[in-house]
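Residue numbers (this note's numbering), protein chains in the order written: chain U, 1 to 486; chain F, 1001 to 1486; chain X, 2001 to 2486; chain Y, 3001 to 3486.
Beta carbons are placed, not taken as given, at the ideal position from N, Cα and C, and that holds for glycine.
Computed from a prediction, not measured in an experiment: that's the story for all the values here.
The next block holds one structure in the form of structure tokens; read it before the comments.
There are 4 protein chains.
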Amino acid sequence: MPIRTAAEYIESLRGRKLRVYLFGELIDEPVDHPIIRPSINAVADTYQLAEEEPELATASSKLTGQRVNRFLQVTQDANDVVMQNRMQRKLGQRTGTCFQRCVGMDAINSMFSVTFDIDKANGTPDGTGYHARFNEFVKHMQRENFVVGGAMTDPKGDRGKAPHEQADPDMFLRVVERRADGVVLRGAKAHQTGCINSHWLLVMPTMRLSEQDRDYAICAAIPVDHPGITYVYGRQSCDTRAMEDTDIDTGNDKFGGQEAMIIFEDVFVPYSHVFMDGEWQFAASLVERFTAYHRRSYVCKTGLGDVIIGAAATIADYNGVAKASHIRDKLVEMTHLNETIYGAGIAASHESKPTSAGNYQCDEMLANVCKHNVTRFPYELSRLAQDLAGGLMVTLPSDADFKNPTTGPLLQKYLAGRPGVSVDNRRRVLRLIENMTMGRNAVGYLTESMHGAGSPQAQRVQIARMADFEGKKRLAKKLAGVKDDE
Amino acid sequence: MPIRTAAEYIESLRGRKLRVYLFGELIDEPVDHPIIRPSINAVADTYQLAEEEPELATASSKLTGQRVNRFLQVTQDANDVVMQNRMQRKLGQRTGTCFQRCVGMDAINSMFSVTFDIDKANGTPDGTGYHARFNEFVKHMQRENFVVGGAMTDPKGDRGKAPHEQADPDMFLRVVERRADGVVLRGAKAHQTGCINSHWLLVMPTMRLSEQDRDYAICAAIPVDHPGITYVYGRQSCDTRAMEDTDIDTGNDKFGGQEAMIIFEDVFVPYSHVFMDGEWQFAASLVERFTAYHRRSYVCKTGLGDVIIGAAATIADYNGVAKASHIRDKLVEMTHLNETIYGAGIAASHESKPTSAGNYQCDEMLANVCKHNVTRFPYELSRLAQDLAGGLMVTLPSDADFKNPTTGPLLQKYLAGRPGVSVDNRRRVLRLIENMTMGRNAVGYLTESMHGAGSPQAQRVQIARMADFEGKKRLAKKLAGVKDDE
Amino acid sequence: MPIRTAAEYIESLRGRKLRVYLFGELIDEPVDHPIIRPSINAVADTYQLAEEEPELATASSKLTGQRVNRFLQVTQDANDVVMQNRMQRKLGQRTGTCFQRCVGMDAINSMFSVTFDIDKANGTPDGTGYHARFNEFVKHMQRENFVVGGAMTDPKGDRGKAPHEQADPDMFLRVVERRADGVVLRGAKAHQTGCINSHWLLVMPTMRLSEQDRDYAICAAIPVDHPGITYVYGRQSCDTRAMEDTDIDTGNDKFGGQEAMIIFEDVFVPYSHVFMDGEWQFAASLVERFTAYHRRSYVCKTGLGDVIIGAAATIADYNGVAKASHIRDKLVEMTHLNETIYGAGIAASHESKPTSAGNYQCDEMLANVCKHNVTRFPYELSRLAQDLAGGLMVTLPSDADFKNPTTGPLLQKYLAGRPGVSVDNRRRVLRLIENMTMGRNAVGYLTESMHGAGSPQAQRVQIARMADFEGKKRLAKKLAGVKDDE
Amino acid sequence: MPIRTAAEYIESLRGRKLRVYLFGELIDEPVDHPIIRPSINAVADTYQLAEEEPELATASSKLTGQRVNRFLQVTQDANDVVMQNRMQRKLGQRTGTCFQRCVGMDAINSMFSVTFDIDKANGTPDGTGYHARFNEFVKHMQRENFVVGGAMTDPKGDRGKAPHEQADPDMFLRVVERRADGVVLRGAKAHQTGCINSHWLLVMPTMRLSEQDRDYAICAAIPVDHPGITYVYGRQSCDTRAMEDTDIDTGNDKFGGQEAMIIFEDVFVPYSHVFMDGEWQFAASLVERFTAYHRRSYVCKTGLGDVIIGAAATIADYNGVAKASHIRDKLVEMTHLNETIYGAGIAASHESKPTSAGNYQCDEMLANVCKHNVTRFPYELSRLAQDLAGGLMVTLPSDADFKNPTTGPLLQKYLAGRPGVSVDNRRRVLRLIENMTMGRNAVGYLTESMHGAGSPQAQRVQIARMADFEGKKRLAKKLAGVKDDE
């Protein structure tokens, strides 16, 4: 029986045998932990949206012949790729944070074409190889309507060294044993977004590999509560406010992101769920396809951008300065930057081309350009939001002081703004801006925008590769009348 | 017999009864004038491209049932709009300048839907109204394969006043007389790109009008050499180099842009070529549709961007520093900015929606965002190109000094760079960068990028209108938990 | 007996009758509160520096004839103003946060000349008026070596209204009663930096006043623990980490800033400590002089900039990528921006001119330019620091997880970087960058940089006033050969 | 008899035996050439200013005991260095272009200390060595009030090779023969600012040299019209407009810059005017000192910035939009950027320290920061000026069309703006902005700002050297509590 609603999704997470550590303690039930719950709510909203706007958040799957959550869809045309972006922006607007399902979606689409290519290169007959197994896995996920977490980033150890050269060979996830019925994995994945809120993990190599790295060329699907897996929760700015008695100081009380480290201590995976095992030649194209999808997936941040623009516009309104030309101008600049990100992202999706496997892959140059702007503009939007917020955002006393019978009335008296605006509403909006620019969701809106799907320099390397400087030089030389060039 | 080739196009321009003034003189034959000719060559290349790449630069017209030059096509689906951008970039790459036909293309598409809307509002039966007349005009242009120049910008006089309030009522083009068979027009159009290289002009109002501006609400088609029309050529930086005995100092010897002022001294237009006459209510939507198309048409500048990136890469290579990391990084930055423009532009086209008249109109927000980036990034690309060029770009002696038997050999000796690079090729590339950043094509690459299709503030006004700040405020308030907001 | 050392300073704060609220509770002894203590340590370091580098952090006072802490010095020449900046940068480097004494220093210097001007305007004989009283107050502070907190910013209520127009007249601090021996004050001061760590407060009006605002034109000195004063501590991002059992997750365990709201409930001040009472005409020049000094005082942020550059350079080193050209280039860019701030600030100080009272006032244009860059560049330095830090900064588990016997060894294993770098040192530097870019000291490094001493628009207004556009127009017209201009 | 006035200066240039080539022709008398004359006028204005404001533009020389032109002064205290900046800004404001004397001024001050150091290292007794000879030379210049052109930049040939490694050994100026009474020089100097308008040239090596480059380690003074010297004039954007019959289209009709290549064909220099000959070890410090001075000398561009801000403010006024908030805001931004440059420059001068020779050397970090901002901000000022100018700047017909009896009245009619503004004045200001952003003085305002005194990367290298990253790392590590760092 598939998961149908947000409530069912949340219920589905209860009672798993997960080993999750947070603040030095083994968590009994993550679903009920006040720090973890907002991140679960964010994923749950992907189910909610599918119910509310099925055209947007579900798609017709050729694999199952049924309507499936769009996060599980293998893209069947350019429109499918475009619709991902529209859904991402909407979810960003609804949650104001990272809703954690894009890695899985992008991993499914990359794996779909790469397993096809491996099979083809191997001459493996259809139906018996990786691609067929992978399709079975995807169908399973679609039928159950599960959340799939993509797990790519290894800890990497000494950055100057290849996986096989590391002092500790476990610094990249690897096969430590091959049995008749499956493989045994050891290692870790760092910076794992939403893994604890997933049902299955899809592990993949993190970079180009060489022949000597053969044991690191492993792709596989694993249930999140498989024996041998440990999660250590990453702490975030202001995380403990969720444990205070307040729904104001949290800024965005309902939604949050999640980052954790996953440690695999000799985890067994049956071959039915292995989709690459030693084909090191395909690691590079897997990473490239994944990052192309995923860099354009950062269009989600324009949804968060809509929220921060709205928060900035609201606080300007509450402060009684909404009509000042410089305030208006800053809101326009924020909008312009936000839409510039969106333009490059949605363009990358529109310009999708079919792979040999038949699904659609977005334009790589524009996807990188989109992400590269994401490493810049949200920081400027944050700066402008802080400008409009005013200094009170960082000098506001705690909610507890507002509740205290001595200080509460004094604060209410002295923090009153223009007529018609309650001090509490003003606080709420200030705390939301704090949340997104230096608090818990600043992790998702800023730092994840910087490093997710590759740090800025990774995009520059890709942009350089696709820039065709030689072609551009020919254009210039022709117009300049260059003759007999060497 | 339609024009079929670039050569035929150039031939078609000879012998017209144009009154063109340049440097205080009435020009005998513009086609043969060394300053004007490069701008004609640029338009001719649009014919050349149609021959070389018909898929790109022609389209199947429903109106005539034939394949027509894409600059004359009424867009029939979103792909038609997207293909305009691809063609524009390609022509920018081929000419390194403004090829002058986009205004006409965008005017045709705006007029197509606005004439339809006027007819509909007027209850005019199909076949007798503006839309039908306009379609006939377009068919005529398509059959003859003519160049149509769109003429929108009036001189405007005192900016604080409406057309009917001006001290001199001719500061906006207007109907001064209505006869039985047509109207008589007086006024001028400023900053007219490529008008002298066109066969027909399509005049349109330049801004929102009120009822009192009724006589200014005029759209009409006029042959360029109609009696009563005078052209005064605008001068451009370094324009007279085209009259020197050199093909090097010109930078881009073959191609250039063209700006002129057109003065209408009581020009008669028969009603068959009048497409709006007094319907002031539709001036605003005509301008908005036109600017939406045209702001996205500035994707052409990414073609020029490709040339300037190529020129910068070439000069870095000639200077022997192409592998320096900071050089490489600047080329990447130039590419990133250039593609950011492209992303927003092509996205605006992909997101086109049908009008009630049936042609396709691009997304207005993304079109404005595209153009707004065009008012910024080409300047930064120019700055970076000047950085890579080195100071020699502005201290290089004239070509005449290189031809002088005394100084020529000295200059050849002392300006030699790394082995294998001729001094002349180095000069050619430096002069191309000079041409695009401060010379003749800087007009097209920079200042036109700033002001064409509306100055930056015009985009900000449009972005503000479409930003839906109220909707964004609701998003923020919901997440912040704002209660009982006034 | 004056305070001589950092330890004596801290001791001097004990046992005061302060009413300080934090997290809804009345604090028993602020000195021992883990959240408050780091802010006290930062102020204490100003005493420490005076001991270690007396040339830098003390000055010879004409008033007392003795060497006094530079924060209490009335500037006697331009060098005194310059030395303030040098001291500020050094303290920023030492503490990585706001050390809270600049407001008092700048208030003393502004009040010095404004009291002189009021006396002069009033024809008050020297020795009996405000200036003489103020000098006595300063001498007292110098002799005791006290910390003076300047209190300027009122809550302001409805921003569109003047003090006397507010629905609640207490929205700006005001005289509610004039007695024979002194005045009674009511109101509040918001965003008060370091007030709880001061010995005396110097209250001043926050903006230009009109005659009807006469009761708001009040300057006075008040001991911090005067009856009727209540402090409510402002909460900051990640503030509660100081209460956790960790010296790592705090990022900067020793030093922090402090913001509080001060509420005055009918506080009596004897005339001996009143330095303006009703002279509303002088409020504007007091604010202008204060902001000129204080905007240039933001040179302190270049000291914090040095720390964040150092932290970014360290983490690049720990990550084994310090030699990558793009890493190096980002460190250079950070340095360039940081020194650009410093240049404008130190220039403003060097260009100081004597006031009629004899002390030295910095250049107003350059001071505003300095601060305006401070509202931009620290954000870009933060962005670049986050770039260099890598994603681990926001996914790193808590210190408690490192101490846990199960997860600790796993984390140590998998977070190992290049040889020779301990995981703990890596964590420490990452937490410092988190602290400065989104944690507790981001308040001081970013938001305070935005809003302290006036928000960006306040500087733009001042820059416009001093820009002398008319003079610049004359320069241009002369060169252009403009004739008979209206 | 020294030169006392601008008129005498111009007269002093007549009748020299200069070999100057321009547009392939040997120029008879440069003073009377319409392209060259504006550059002479700019230098003449340095004499004019000395007459009008002697406190600003002259100084008391210890060498001669007399008041001398400040461009010839050996700086005697920090104020002398500061006053250079003030004078430079003023001359930038008066001329709107490069007035060409800074290289000489900065060369004199660098040579002063370096000749002292060489003597000291050589143990040469005072009076007989380089320093004494150099002082004699400076005294001669001061007494005659001559213009000294500093000539540093060699053509450099293959950038990857040292002087002695070049295929053609003449690619750097060198000693080809040593005679009993002097040396013979061969080579060239490129990008020479104002050389033709000078009386003497001071040649210096352009970069760090090694022992094998000994013959390139040559500093010497040479009269500009010495036998064997040839000048080839560099062409500039729009240079030939100076030869048209117009004082409007030139934009800045009176003043311009000058760049030329100087070729030395076996030029003899007596030892009395040789100040370095073979001391290759001192080439690096000479270059470093010179560039430190000279990078800060780019404060002159803030004078040009004042002009372009004034021009932008004027055209906004003429266009009737001066009060629009976005226009005002752009003028403020231009001012802010311009003053940011000034701040770093004047700070570098204020922070000057004495050399061992006794003159004052500016702060190297701030000088580099100043120049680095100069490679960015004037481009942004230009972009904003073009924004405010409107498109007419590049579509305006030529002055000849305004003089033509047919088109003149039409243009006057249709280009009328708001009442009270003449079309001619509007044209004049537009042409001035064109002149500074893409015309003749764009060379000085933009490209020279980029490359003069070293290209951007040269500043970044210096900033990196002085950044003390190790010291900054220590600051960060201390605050982070880093322990037992390797």
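### Message
Output needed for X:Ala2458: all residues of its chain with C-beta closer than 8 angstroms, excluding positions within five of it in sequence on either side, in chain order.
### Response
Thr2291
### Task
Would you mind stating whether U:Gly149 and U:Gly104 have Cβ atoms separated by less than 9 angstroms?
yes
### Message
Between X:Pro2169 and chain U, is the shortest Cβ-Cβ distance under 9 angstroms, so that the two count as touching?
### Response
no
### Alpha carbon of X:Arg2143 to alpha carbon of X:Thr2064, nearest angstrom
8 angstroms
#### Entry: Proximal residues of chain X, C-beta to C-beta of Y:Cys3370 below 8 angstroms
Gly2343
### Query
Along chain U, which residues have their Cβ under 9 angstroms away from the Cβ of X:Val2224?
Going along chain U, no residue has its Cβ under 9 angstroms from X:Val2224, so there is no contact; the nearest lies around 17 angstroms.
### Query
Just how far apart, CA to CA, sit U:Gln88 and U:Arg296?
10 angstroms
### Query
So, is the C-beta of Y:His3326 closer than 9 angstroms to a C-beta in chain U?
yes
### Task
Anything in chain U within Cβ reach of F:Leu1331, meaning under 8 angstroms, just list it in chain order.
Neighbours of F:Leu1331 in chain U, taken as residues at a C-beta separation under 8 angstroms, are given in chain order as Ala464, Ala467, Phe469.
### Query
With distances taken between CB atoms, is the gap from U:Tyr216 to U:Phe172 smaller than 9 angstroms?
A contact, by the Cβ cut-off of 9 angstroms.
### Task
Could you please tell me which residues of the segment 1137-1158 of chain F, in chain order, have their CB closer than 7 angstroms to any CB of chain U?
none
### Message
For U:Glu265, which residues in the same chain have their Cβ closer than 8 angstroms to its Cβ, ignoring the five residues on either side in sequence?
### Response
The answer, listed in chain order, is Arg186, Gly228, Ile229, Thr230.
### Message
Suppose only complete runs of 3+ residues qualify. What are the beta strand (DSSP E) ranges in the segment 1136-1189 of chain F, listed by chain order?
### Response
1148-1151, 1174-1178
### Query
Between which two residues does the beta strand (DSSP E) harbouring Y:Ser3455 extend?
Unbroken run through Y:Ser3455: none, as it is neither H nor E.
### Query
Which one of X:Asp2168, X:Val2269, X:Ser2237, X:Pro2169 has the shortest CA to CA distance from X:Val2203?
X:Val2269
### Task
From the DSSP output, in three-state form, read off X:Val2068 for me.
strand
### Task
Can you tell me which of the three DSSP states Y:Asp3387 falls into?
helix
### Task
Pull up the CB-CB distance for X:Leu2475 and Y:Val3369, whole angstroms please, since I reckon it's below 8 angstroms.
Contact between X:Leu2475 and Y:Val3369 does not hold, since their C-beta atoms are separated by about 26 angstroms, which reaches or exceeds 8 angstroms.
### Residues near Y:Ala3302 in its chain [Cβ-Cβ closer than 6 angstroms; skip 5 each side]
First, the residue type needs correcting, since residue 3302 of chain Y is Thr and not Ala in the sequence shown. Within the same chain, Y:Thr3302 has close Cβ partners Arg3089, Asn3338, Ile3341, Tyr3342.
### Task
Classify F:Asn1122 as buried or exposed, calling it buried when 16 or more other Cβ atoms lie within 10 Å of its own Cβ.
exposed
### Query
Any Cβ of chain X within less than 9 angstroms of the Cβ of Y:Asp3181?
no
### Query
Y:Pro3405: buried (16+ other C-beta within 10 angstroms of its C-beta) or exposed?
exposed
### Task
Could you list which residues in chain Y have their beta carbon closer than 7 angstroms to that of X:Ala2347, in chain order?
What X:Ala2347 touches in chain Y: Gly3343, Ile3346, Ala3347, His3350.
### Query
Within the chosen definition, does the segment 2383-2402 of chain X reach the segment 2349-2361 of chain X through at least 3 CB pairs nearer than 8 angstroms?
no
### Query
Is it right to say Y:Lys3472 is buried, meaning 16 or more other beta carbons lie within 10 angstroms of its own, or is it exposed?
buried
#### Entry: One or two residues paired with X:Lys2353 in a DSSP bridge
X:Gln2361
### Query
Checking contacts by CB at 9 angstroms: is Y:His3336 closer than that to chain F?
no
### Query
Do you know offhand how far F:Gly1256's Cα is from F:Asp1119's?
40 angstroms
#### Entry: Supposed contact pair X:Tyr2360 and X:Thr2075 - C-beta distance, whole angstroms, cut 8 angstroms
4 angstroms
### Message
Using the three-state DSSP reduction, which class does Y:Val3299 fall into: helix, strand or coil?
### Response
Correct three-state label for Y:Val3299: coil.
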